[in-house]
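Participant: The structure that follows is given in the form of structure tokens.
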Amino acid sequence: MKNIDKIKSVKNRSLLYSNIRNFFNQKDYLEVETPSLSSTLIPEATIDNFATQFVSEFIPSRELYLIPSPEIFMKQLISEGYPSIYQFSKCFRNSEQIGKQHNIEFSMLEYYSINMDEQDSIDLTEEMLLKTHLENTPSWALPPFRKISVNEAMKTYSGIDLEKCQNQYQLYEKAISLGLSSVVKKESWESTFNRIFLTYVEPNLPKDKPLILDNYPKQIDCLATNKTNSPYKSRWEMYIGGLEVANCYDELKDMDKVKEFYRKEYSIIIRERSNSNRVIPDINDEFYKLFNAFPQTSGVAIGMDRLLMSQMQIDNIEGVILFPFSDMII
Amino acid sequence: MIKAGQIERGVALLIKGQPFVCVDREFVSPGKGSAFVRLKLKNPSTGQILSETMKTQDNAEEITVESRDCQYLYNDGENYHFMLTDTYEQIEVLMENYPDYEFIMKDGETYRCTFWEAQLLEVQIPSKVVFEVAEAEEAIKGDTVQGATKYVITETGLKIKCPIFIKQGEKIRVNTETKEYLERVNS
């Protein structure tokens, strides 16, 4: 019985991938395949990495890393003048907790659309889901999308107006008044925000339709552009059935800001990981130069295992992947 | 101290001086953000449910609990009365603080219980328990509708929906978490 279910999910995955390939091919997106092993990574302090060793008799050995997302290569292609591109890839995140929604190795669909902005990529994603979904996908996992901003969601479900809590202390006071006991005075705005968001907001987000959360606070550092004269970034996330499935940036193309992001993230990585067995990846100091003449691009990353879970109404990631990590460590 | 990422169901924590037991936990990493654990915690002595999200690297104050066997004696409508089987000491706890245990403990039955500083935190009731049906309505003759159900009351006073063929004096297996009928047990 168990095998029949697994075979069904394997077949569905193959069908969904093929539908999505057809969708993007018809729109003249180029399917690319970039390496899983890389000599450098984009520094991201919140993501732990896997390292391995290249060994050779003739040239010096060196450390290589499994990619946590294909972003580093796909942005390079865009900067070299490629058209809009997409890719299915395996991504690896170390120290990931083992649970119903996580596997340390997972499948990602990333697409980079040139000359598209936030709303264009929401429309594109909506059209893609509509045209590629599996038969028997429940209506809550299908368009039309519902869209709300992060601050509207915060106001509705936690009573906090972020525009009135732009510094960490103001947000800390609110968190305490809501009854959160683990929040600490000296932590980042982002950490306090996440505690509130994950406790009061995310579990209560509407689940009747795929939900686009947009206008992410600029205090959450990432490679998305800042909106002008606004405390928000051009970033959106998609939740389906309450589960986070997609993350999208209007890609930052300001060399100085990319350089600054690299410097800040890497210094956190060095500080936090130096006295531990956590991997400190090599980074490419010149990466920011890619953004010298980077086109307006919207980049979307979709967790394919989770998308499949939503369309098949399976609530455990292990139901849609072969050989889940948890089986290997028992 | 315990790392928040290590908190599992059943782990007892001290929060603002009060004991809480983890009843549910889920890992979440928002966006490309840090790893958090979303916890649902319950204060057994007040029944208060606390939702809390911690970074997996946060420290939490774990409390050491003690497991002891207790015989459930009876309830007087307000309190549950237990006897510690090793010392014969009797204890009573307010029923309203332990609503999950209502109508599922059998008089005279011994349960494994966890305590923190003499305070009862949890009675470990098996997830499936066989009960005798104390009261059952007679099935109406000729009622052969498939899947027809009726209510019965178990020896412990639990009112439960079950198939119409269940009679008084028979034994049924019940899921004690959902308080739902599972199957008839032939004795």
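As you go down the protein sequences, you meet chains A and B in turn. Numbers given in our numbering equal positions in the first sequence, counted from 1, plus 1061. Numbers given in our numbering equal positions in the second sequence, counted from 1, plus 3. All C-beta atoms in this analysis are idealised placements derived from N, C-alpha and C, irrespective of residue type, glycine included. All values derive from a computational prediction rather than experimental measurement.
Check whether the region 1245-1255 of chain A touches the region 1270-1285 of chain A, taking contact to mean three or more Cβ pairs, one atom from each stretch, closer than 8 angstroms.
Facilitator: yes
Participant: As a quick exercise: from B:GLY20, B:GLY80 and B:VAL24, pick the residue whose alpha carbon is nearest that of THR117 of chain B.
Facilitator: Looking up residue 117 of chain B in the second sequence gives position 114. Nearest C-alpha to THR117 of chain B: B:VAL24.
Participant: Taking ASP27 of chain B as part of the alpha helix (DSSP H), name the residues at either end of that continuous run.
Facilitator: Here residue 27 of chain B refers to the residue found at position 24 when the second sequence is read from its first residue. Element bounds for ASP27 of chain B: not the alpha helix (DSSP H) but the beta strand (DSSP E), 21-31.
Participant: Can you tell me which of the three DSSP states GLY50 of chain B falls into?
Facilitator: Against the second sequence, residue 50 of chain B aligns to sequence position 47. Here GLY50 of chain B sits in coil by DSSP.
Participant: Going by C-alpha to C-alpha distance, which of A:LEU1232, A:ILE1273 and A:PHE1384 sits closest to ARG1207 of chain A?
Facilitator: Taking the first residue of the first sequence as position 1, residue 1207 of chain A is located at position 146. That would be A:ILE1273, whose Cα lies nearest to the Cα of ARG1207 of chain A.
Participant: What are the start and end residues of the alpha helix (DSSP H) that includes LEU1195 of chain A?
Facilitator: In the first sequence, the residue the question calls residue 1195 of chain A occupies position 134. First-last for LEU1195 of chain A: undefined, no H or E at that position.
Participant: Counting only C-beta atoms, is ARG1256 of chain A closer than 7 angstroms to chain B at any point?
Facilitator: As a position in the first sequence, residue 1256 of chain A is number 195, starting the count at 1. So, interface residue.
Participant: Could you name the residues of chain A that LYS58 of chain B contacts, counting a contact when the two beta carbons are closer than 9 angstroms?
Facilitator: Counting from 1 along the second sequence, the entry for residue 58 of chain B is found at position 55. Contacts between LYS58 of chain B and chain A, judged by CB atoms closer than 9 angstroms, involve SER1243, GLU1248, SER1252, ASN1255 and ARG1256 in chain order.
Participant: Could you confirm whether any beta carbon from chain A is found closer than 7 angstroms to the beta carbon of ASP27 of chain B?
Facilitator: Looking up residue 27 of chain B in the second sequence gives position 24. Chain A contact via Cβ: absent.
Participant: Please give the ranges of any beta strand (DSSP E) in the region 1138-1176 of chain A, keeping only runs that are unbroken, at least 3 residues long and fully inside the region.
Facilitator: Counting only runs of at least 3 residues, the region 1138-1176 of chain A fully encloses the following beta strand (DSSP E) elements, listed from N- to C-terminal order: 1146-1153 and 1166-1175.
Participant: Does the separation of the CB atoms of GLU65 of chain B and ILE5 of chain B fall below 7 angstroms?
Facilitator: As a first step, residue 65 of chain B is located in the second sequence; it is residue number 62 there, counting from the start. As a first step, residue 5 of chain B is located in the second sequence; it is residue number 2 there, counting from the start. For the pair GLU65 of chain B and ILE5 of chain B, the CB atoms are nearer than the 7 angstroms cut-off.
Participant: Please confirm if ARG187 of chain B has its CB atom under 7 angstroms from at least one CB of chain A.
Facilitator: The residue labelled residue 187 of chain B in the question sits at position 184 within the second sequence. No, its Cβ sits nowhere closer than 7 angstroms to a Cβ of chain A.
Participant: Is there contact between the region 1196-1215 of chain A and the region 1259-1273 of chain A, where contact requires at least three CB pairs shorter than 8 angstroms?
Facilitator: yes
Participant: Suppose only complete runs of 3+ residues qualify. What are the beta strand (DSSP E) ranges in the region 1282-1322 of chain A, listed by chain order?
Facilitator: 1293-1301 and 1304-1311
Participant: With a threshold of 7 angstroms between beta carbons, is ARG12 of chain B in contact with chain A?
Facilitator: Numbered from its first residue, the second sequence carries residue 12 of chain B at position 9. False, the Cβ-Cβ gap to chain A never drops below 7 angstroms.
Participant: Using a Cβ-Cβ cut-off of 8 angstroms (strictly less than) and excluding sequence neighbours within five positions of LEU1102 of chain A, which residues of its own chain qualify?
Facilitator: Residue numbering aside, residue 1102 of chain A sits at position 41 when the first sequence is read from its first letter. Closer than 8 angstroms at the Cβ level, and outside the excluded window around LEU1102 of chain A, lie ASN1110, TYR1126, ILE1128, PRO1129, ILE1133, PRO1342, ASP1343 and ILE1344.
Participant: For ARG71 of chain B, write down the residues that DSSP places opposite it in a beta bridge.
Facilitator: As a position in the second sequence, residue 71 of chain B is number 68, starting the count at 1. Looking at the DSSP assignment, ARG71 of chain B forms a beta bridge with B:CYS116.
Participant: With a threshold of 7 angstroms between beta-carbons, can SER48 of chain B be considered close to chain A, or not?
Facilitator: To locate residue 48 of chain B, count along the second sequence from 1; it is residue 45. For SER48 of chain B, the nearest beta carbon of chain A is not closer than 7 angstroms to its own beta carbon.
Participant: Assuming contact is defined by CB atoms lying nearer than 7 angstroms, are LEU76 of chain B and HIS84 of chain B in contact in what I supplied?
Facilitator: Here residue 76 of chain B refers to the residue found at position 73 when the second sequence is read from its first residue. Here residue 84 of chain B refers to the residue found at position 81 when the second sequence is read from its first residue. Yes, they are a contact pair.
Participant: If you drop the 5 nearest sequence neighbours on each side, which residues of the same chain put their C-beta closer than 6 angstroms to that of LEU1368 of chain A?
Facilitator: Counted from its first residue, the first sequence places residue 1368 of chain A at position 307. So the qualifying residues of the chain are VAL1306.
Participant: Going by C-alpha to C-alpha distance, which of A:GLN1231, A:GLY1302 and A:PHE1258 sits closest to GLY34 of chain B?
Facilitator: Against the second sequence, residue 34 of chain B aligns to sequence position 31. Of A:GLN1231, A:GLY1302 and A:PHE1258, the residue nearest in Cα terms is A:PHE1258.
Participant: Sorted by chain position, which residues of the same chain lie with C-beta nearer than 7 angstroms to THR1198 of chain A's C-beta, five sequence neighbours on each side aside?
Facilitator: By one-based count along the first sequence, residue 1198 of chain A stands at place 137. The answer, listed in chain order, is GLN1372.
Participant: When you compare the CB positions of GLN1410 of chain A and ILE1378 of chain A, do they come within less than 7 angstroms of one another, or not?
Facilitator: Any answer about residue 1410 of chain A is impossible in this case: the structure gives chain A only from 1062 up to 1391.
Participant: Below 9 angstroms between beta carbons is the criterion; list the residues of the region 1157-1182 of chain A that meet it against any residue of chain B, in chain order.
Facilitator: GLU1157, GLN1158, ILE1159, GLY1160, LYS1161, GLN1162 and HIS1163
Participant: Residues in the region 1094-1123 of chain A with C-beta within 7 angstroms of chain B's C-beta atoms, listed in sequence order?
Facilitator: GLU1105, THR1107 and ILE1108
Participant: Using a Cβ-Cβ distance cut-off of 7 angstroms, determine whether LYS170 of chain B contacts chain A.
Facilitator: Walking along the second sequence from the start, residue 170 of chain B turns up at place 167. No, its Cβ sits nowhere closer than 7 angstroms to a Cβ of chain A.
Participant: Kindly give me the distance between the Cβ atoms of VAL2 of chain B and ALA7 of chain B, rounded to whole angstroms, as I take these residues to be in contact under 8 angstroms.
Facilitator: Because chain B is modelled from 4 through 190, residue 2 of chain B falls outside the range shown and cannot be assessed.
Participant: Identify the contact partners of GLU1298 of chain A in chain B, using a Cβ-Cβ distance below 9 angstroms as the criterion.
Facilitator: In the first sequence, residue 1298 of chain A corresponds to position 237, counting from 1. By Cβ distance, chain B contributes PRO33 and GLY34.
Participant: Quick check: the Cα distance between THR1113 of chain A and ILE1329 of chain A, rounded to an integer number of angstroms?
Facilitator: Counting from one through the first sequence, the residue named residue 1113 of chain A turns up at place 52. Counting from one through the first sequence, the residue named residue 1329 of chain A turns up at place 268. When rounded, the distance between both Cα atoms is 22 angstroms.
Participant: Quick one: what does DSSP say CYS101 of chain B is sitting in, helix, strand or coil?
Facilitator: The count along the second sequence starts at 1 and reaches residue 101 of chain B at position 98. In the sequence as presented, Cys is not what sits at residue 101 of chain B; that position holds Tyr. If DSSP states are grouped into helix, strand and coil, TYR101 of chain B belongs with coil.
Participant: Report yes if the CB atom of THR1186 of chain A is closer than 7 angstroms to the CB atom of ILE1081 of chain A, and no otherwise.
Facilitator: Within the first sequence, the letter at position 125 stands for residue 1186 of chain A. Within the first sequence, the letter at position 20 stands for residue 1081 of chain A. Not a contact, by the Cβ cut-off of 7 angstroms.
Participant: In whole angstroms, what separates the C-alpha of LYS1151 of chain A from that of GLN1229 of chain A?
Facilitator: In the first sequence, residue 1151 of chain A corresponds to position 90, counting from 1. In the first sequence, residue 1229 of chain A corresponds to position 168, counting from 1. Distance between the alpha carbons of LYS1151 of chain A and GLN1229 of chain A is about 36 angstroms.
Participant: Note down the Cα distance separating MET1062 of chain A from THR179 of chain B, rounded to an integer number of angstroms.
Facilitator: Here the question's residue 1062 of chain A lines up with position 1 in the first sequence. Here the question's residue 179 of chain B lines up with position 176 in the second sequence. For MET1062 of chain A, the predicted model reports a pLDDT of 43, less than 50, meaning its position is unreliable; a value from the coordinates is still stated below. Going from the Cα of MET1062 of chain A to the Cα of THR179 of chain B covers about 27 angstroms.
Participant: Drop a sphere of 10 angstroms on the beta-carbon of PHE1119 of chain A, count the other beta-carbons inside from all chains shown, and report buried for 16 or more, exposed for fewer.
Facilitator: Here residue 1119 of chain A refers to the residue found at position 58 of the first sequence. Classification for PHE1119 of chain A: exposed.
Participant: Looking at ASN1255 of chain A: is its Cβ nearer than 7 angstroms to the Cβ of TYR1218 of chain A?
Facilitator: On the first sequence, residue 1255 of chain A is found 194 positions in, with the first residue counted as 1. On the first sequence, residue 1218 of chain A is found 157 positions in, with the first residue counted as 1. Against a cut-off of 7 angstroms, the Cβ pair of TYR1218 of chain A and ASN1255 of chain A comes out as no contact.
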